[in-house]
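Asks: For the protein sequence lines, the chains are A and B, in the order given. 4 is the number of the first residue of the first sequence in my numbering; add one for each residue after it. 4 is the number of the first residue of the second sequence in my numbering; add one for each residue after it. This structure is in structure tokens; I'll ask about it shortly.
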Amino acid sequence: MKIVVCIKQVPETQDVRLDPVTHTLKREGIKSIINPFDLYALEEGLRVKESQGGTVTVLTMGPPQAEEALREALGLGADAAVLLSDRAFAGADTWATALTLAKAVEKLGGADLIFTGKQAIDGDTAQVGPMMASIMNISLASWARKVSFNTAGKAEVERLLDHGYDAVEVDLPALISVTKEINEPRLPSFKAKLKAKKEPIPVWGLADLGLNAAEVGLAGSFTQVVKVFPPPARGTSETWEGSPQDLAARLWQRLQEMT
Amino acid sequence: MSLILDAEKCTACGACVDSCPFGVLSLKGETLVIGEGCTLCGACVEVCEAQALSVPETEDPSPRPGVPPGGVWVFAEQRHGVLAPVTRELLGEATRLAKEIDAAVAAVLLGDKVEHLVPELQAAGAQRVYLAEHPLLAEFLEEPYAAALTELARRFQPEIILAGATYAGRAFIPQVAANLKTGLTADCTAFAIDPEKRLLQQTRPAFGGNIMATIITPRTYPQMATARPGTFKPLSSGSSADGQVVRVEFNPGETAPHSRFLATVAEIKERVPLAGAEVIVAGGRGLKDAKNFKLLEELADLLGGAVGATRAAVDAGWIAYPQQIGQTGKTVSPRLYIACGISGAAQHLVGMQSSDFIVAINKDPAAPIFQVADVGLVGDVLEIVPALIQEIKKSRNV
Ligand SMILES: Cc1cc2nc3c(=O)[nH]c(=O)nc-3n(C[C@H](O)[C@H](O)[C@H](O)COP(=O)(O)OP(=O)(O)OC[C@H]3O[C@@H](n4cnc5c(N)ncnc54)[C@H](O)[C@@H]3O)c2cc1C
Ligand SMILES: Cc1cc2nc3c(=O)[nH]c(=O)nc-3n(C[C@H](O)[C@H](O)[C@H](O)COP(=O)(O)OP(=O)(O)OC[C@H]3O[C@@H](n4cnc5c(N)ncnc54)[C@H](O)[C@@H]3O)c2cc1C
Ligand code: SF4
Ligand code: SF4
């Protein structure tokens, strides 16, 4: 089974906060991490490999330092990694990101299974995976909490929807996005970590993927961010102190006045 | 392509350095250095008072085509013949937007034996309903839903498509956008129309609610967005139910489908569902124990509301994941939200801050939750909630 896992390097969002007055970000030195959901995608890829045989290749599109994320993934047990990096990729929206990733999977010779995280915690769109599946014309199962394989060689996926969990069957090749319920990611192994340090990581740019500059990055994007601003502050609040009984009585009074 | 710095104008004030969410900018002495990893998000451009920074203009490879005739569409999400509440909310918003561009509002209803929902859609604002019924559409699956909506959009050319940012919507709408080769903005909380350019301005939170971004789809049609459930208001008065119904064949194609629905393996059972609840009592780590959530249930029952929770409480196993509110849980906007022992992390706030009235109970007067609360009670939640329950019972003589 050829398995590809898409991982994204993201800033640790808890540290990001825009100051409502100055519009500057308050942060205590932003650390870059692998998008937390993508660790579950990687773990699932590794588990499928362990049960079904095959290889796991991790793929990321990002600036040169995104190589760190790939090394971390190799340290967790991925077999190979490819970095998609080119100045032309900067400013990609989800479509341009999905197109670039899809071309890379094609260049890898295709895949039987592609895993992505549920969403990236910075862009937060959850759009890249479904778009990749469309571009590659393969099956899609979103929000998986369980993946297994039946005797017909098809994947059975239990996935979250608003009403609960549905089981669906998808033909391979398929792209599956995973939620945190699916597994418990492993810790890096010492041996793999050592190997990860030395493993060569190819870097593919625009020309390697057979794309032209108008198809990728900001130029290839259909959406455009025109404004970034802090969330609106809410109205003035009152803070009350006192004994629990007093507070409860005042609050109930207030709530009754509301209706 | 990279960020453009006009070194002449730059005063090395450093304001932009702190504004970059990706830590790309730094000051080396008196020169601003643009490092690797710029996503051209424009955050720094906004803060530079000297106007020294700019994002490169993209060359339009193709000029914007003429306005398509199909108007503003809302994907009418339903399951087993029951409409998702977000459908009515979006029809309300679509009606408002359509007025500004003098366009018609249409609903797209996909499913099996769902025709009975047409009058409901019309009353909620749909002037036209596109209806496709097929057994393959009986249960939600990305493949047939994406195929059906793509096909309809190709034929009837909408200018705008809105859909709920539900699990289903967020799974298949990106596929429709990819098929139509157009932009899609995720999980929007506000829309506006730029009247001059007739562009839909789509505003959404990102970075777990720490940043808001306004996004446009300037070169292609339709302009597509998913929108947060519980954020937009349905029409208050029903419109007349005499619109047009356009029945269309759904043709799944020659080949057998690549995905099949097998079964619903678990239904999420909620006492009062969070979605659409008028009152929500939510608990966090400050409740300290699963059994204390019983207190919240009792309070919620008295107020006719639902119980919600933070991720910390869900992770602790005190309450099930479907009750989680926030970035990676549900978004709610009840009339009354009572936050009990919740610190107010941005990832939680993003899911509840559009509630009409927020009460926070926390023993730490510096907890960030107080900044979004209308009324903050400083004290022990395990004392205040029981006292409140007593108070309510007393006033109702029970
Ligand atoms: C404030 C802001 C708002 C934005 N809003 C939108 C918007 O509404 N619509 C839009 O089209 N674009 C938007 N973008 C651009 C978008 O963030 C980027 O296109 C980004 O590269 C991918 O989107 P995401 O982070 O939301 O990923 P998601 O779609 O949430 O990611 C899902 C999964 O796809 C995989 N993946 C995502 N990116 C990569 C990558 N670079 N390399 C490898 N795997 C990856 C991961 O497995 C990840 O878990 C926005 C950007 C900013 C800064
Ligand atoms: C990618 C990502 C996604 C996330 N998604 C979500 C999400 O969807 N939803 C979500 O909620 N969180 C989410 N989080 C987690 C979020 O960052 C916070 O960790 C979480 O919301 C904190 O929950 P809490 O307020 O219950 O706990 P804490 O932050 O520990 O706060 C507990 C509060 O209780 C108060 N307290 C303690 N004892 C008492 C008492 N006896 N009486 C009164 N007050 C008391 C304390 O003063 C404190 O303010 C996410 C985080 C990440 C990184
Ligand atoms: S904000 Fe503008 S003037 Fe200040 S350092 Fe940045 S580019 Fe220079
Ligand atoms: S455009 Fe965005 S990512 Fe690039 S330097 Fe400015 S703030 Fe940072």
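Glycine residues also receive a C-beta, built at the ideal position from the N, C-alpha and C atoms.
Give me, in chain order, the residues of the same chain whose beta-carbon lies closer than 7 Å to that of A216/A; leave out the 5 immediate sequence neighbours on both sides.
Replies: Only A91, L209 and A222 meet the Cβ criterion.
Asks: Report the CB separation of P221/B from R67/B in whole angstroms; it is logged as a contact under 8 Å.
Replies: With 8 Å as the limit, P221/B and R67/B qualify as a contact, their Cβ atoms being about 7 Å apart.
Asks: Which whole runs of the beta strand (DSSP E) in the stretch 88-170 of chain B are 3 residues long or more, in chain order?
Replies: List check, beta strand (DSSP E) in window: 108-114, 131-136 and 163-167.
Asks: Buried or exposed for D367/B, going by 16 or more other Cβ atoms inside 10 Å?
Replies: Classification for D367/B: exposed.
Asks: Taking L299/B as the reference, give the member of P255/B, G344/B and A269/B with the closest Cα.
Replies: That would be G344/B, whose Cα lies nearest to the Cα of L299/B.
Asks: So for R253/A, helix, strand or coil by DSSP?
Replies: Of the three classes helix, strand and coil, the one that applies to R253/A here is helix, per DSSP.
Asks: Starting from Q178/B, find everything on chain A with Cβ-Cβ shorter than 8 Å and list it in chain order.
Replies: P133, M134, A136, S137 and L143, listed in chain order.
Asks: Give the secondary structure of N365/B by DSSP, where H, G and I count as helix, E and B as strand, and everything else as coil.
Replies: It is a strand residue.
Asks: Using the DSSP secondary-structure output, state which residues sit across from W98/A in a beta bridge.
Replies: In the DSSP output, where bridge partners are listed per residue, W98/A has none listed.
Asks: How big is the Cα-Cα spacing for E301/B and R288/B?
Replies: Each residue's alpha carbon lies about 18 Å from the other.
Asks: Alpha carbon to alpha carbon, how far is T34/B from R30/A? Give it in angstroms, no decimals.
Replies: Any answer about R30/A is weak, because its pLDDT of 46 lies below 50 and its placement is not dependable; what the coordinates show is given next. Each residue's alpha carbon lies about 22 Å from the other.
Asks: When the cut-off is 8 Å and only beta carbons count, does M215/B lie next to chain A?
Replies: For M215/B, the answer is yes, since a Cβ of chain A falls inside 8 Å of its Cβ.
Asks: Does the beta-carbon of A369/B have 16 or more other beta-carbons within 10 angstroms, so that it is buried, or is it exposed?
Replies: The residue in question, A369/B, is exposed, as its Cβ has fewer than 16 Cβ neighbours within 10 Å.
Asks: Which residues of chain B have a Cβ atom closer than 8 Å to the Cβ of G120/A, listed in chain order?
Replies: Neighbours of G120/A on chain B: none; closest Cβ ~11 Å, over 8 Å.
Asks: Could you compute how far the alpha carbon of H26/A sits from the alpha carbon of I219/B?
Replies: Here the model assigns H26/A a pLDDT of 48, short of 50, so the residue's position is not dependable and the matter cannot be decided.
Asks: Starting from L53/A, trace the alpha helix (DSSP H) both ways and give me its first and last residue.
Replies: Note on identity: in this sequence residue 53/A is Glu, with Leu being the wrong assignment. Start and end: P39 to Q55.
Asks: Determine the DSSP secondary structure at Y168/A, reduced to helix, strand or coil.
Replies: Correct three-state label for Y168/A: strand.
Asks: Taking 8 Å as the limit between beta carbons, can you name the residues of its chain near G95/B, skipping five residues before and five after?
Replies: Excluding sequence neighbours, G95/B sits near A127, G128, F235, K236, P237 and L238.
Asks: Can you list, in chain order, the residues of its chain whose CB lies under 6 Å from that of E281/B, leaving out five sequence neighbours each side?
Replies: So the qualifying residues of the chain are P337 and R338.
Asks: Return yes when at least one heavy atom of ligand 2 lies under 7 Å from the C-beta of G208/A, else no.
Replies: The answer is no for G208/A.
Asks: Give me the residue from L56/B, T334/B, G74/B and V381/B with the minimum Cα distance to S346/B.
Replies: The shortest C-alpha separation from S346/B is found at V381/B.
Asks: State the start and end residues of the unbroken alpha helix (DSSP H) segment that holds E241/A.
Replies: Note, E241/A: premise wrong, no alpha helix (DSSP H); beta strand (DSSP E) at E241 to W243.
Asks: For T331/B, count the other beta carbons within 10 Å of its own beta carbon; 16 or more makes it buried, fewer makes it exposed. Which is it?
Replies: Buried, by the Cβ-count rule.
Asks: Would a check of beta-carbon distances place E111/A closer than 8 Å to chain B?
Replies: According to the sequence displayed, residue 111/A carries Leu and not Glu. Closer than 8 Å: no.
Asks: Could you give the distance in angstroms between the alpha-carbon of G73/B and the alpha-carbon of L385/B?
Replies: Distance between the alpha carbons of G73/B and L385/B is about 56 Å.
Asks: How do the stretch 142-149 of chain B and the stretch 203-218 of chain B stand: do at least 3 beta-carbon pairs fall below 8 Å, yes or no?
Replies: Touching, no.
Asks: Would a check of beta-carbon distances place M64/A closer than 8 Å to chain B?
Replies: No, no contact with chain B.
Asks: Anyone know if the C-beta pair for P67/A and S88/A falls short of 8 Å?
Replies: Yes. Within cutoff.
Asks: Is V51/A near ligand 1, in the sense that its beta carbon is under 7 Å from a heavy atom of that ligand?
Replies: No.
Asks: Nearest-angstrom Cα distance between Y43/A and K396/B?
Replies: Their backbone Cα atoms lie some 47 Å apart in a straight line.
Asks: Find the residues of chain A that neighbour T313/B, judging by a C-beta separation of less than 9 Å, and give them in chain order.
Replies: Result: empty, since nearest Cβ-Cβ is about 14 Å, beyond 9 Å.
Asks: Is K333/B helix, strand or coil when you go by DSSP?
Replies: Strand at K333/B.
Asks: For M4/A, which residues in chain B fall below 9 Å Cβ to Cβ?
Replies: Per Cβ cutoff of 9 Å: no residues; M4/A is ~17 Å from chain B at best.
Asks: Based on the DSSP output, what are the partners of G45/B in its beta bridges?
Replies: G45/B is not bridged to any residue.
Asks: Using the Cα positions of A376/B and W243/A, report the straight-line distance between them to the nearest angstrom.
Replies: Computed Cα separation, rounded: 12 Å.
Asks: Please list the terminal residues of the continuous alpha helix (DSSP H) segment that includes S180/A.
Replies: First-last for S180/A: A177 to V181, but that is the beta strand (DSSP E), not the alpha helix (DSSP H).
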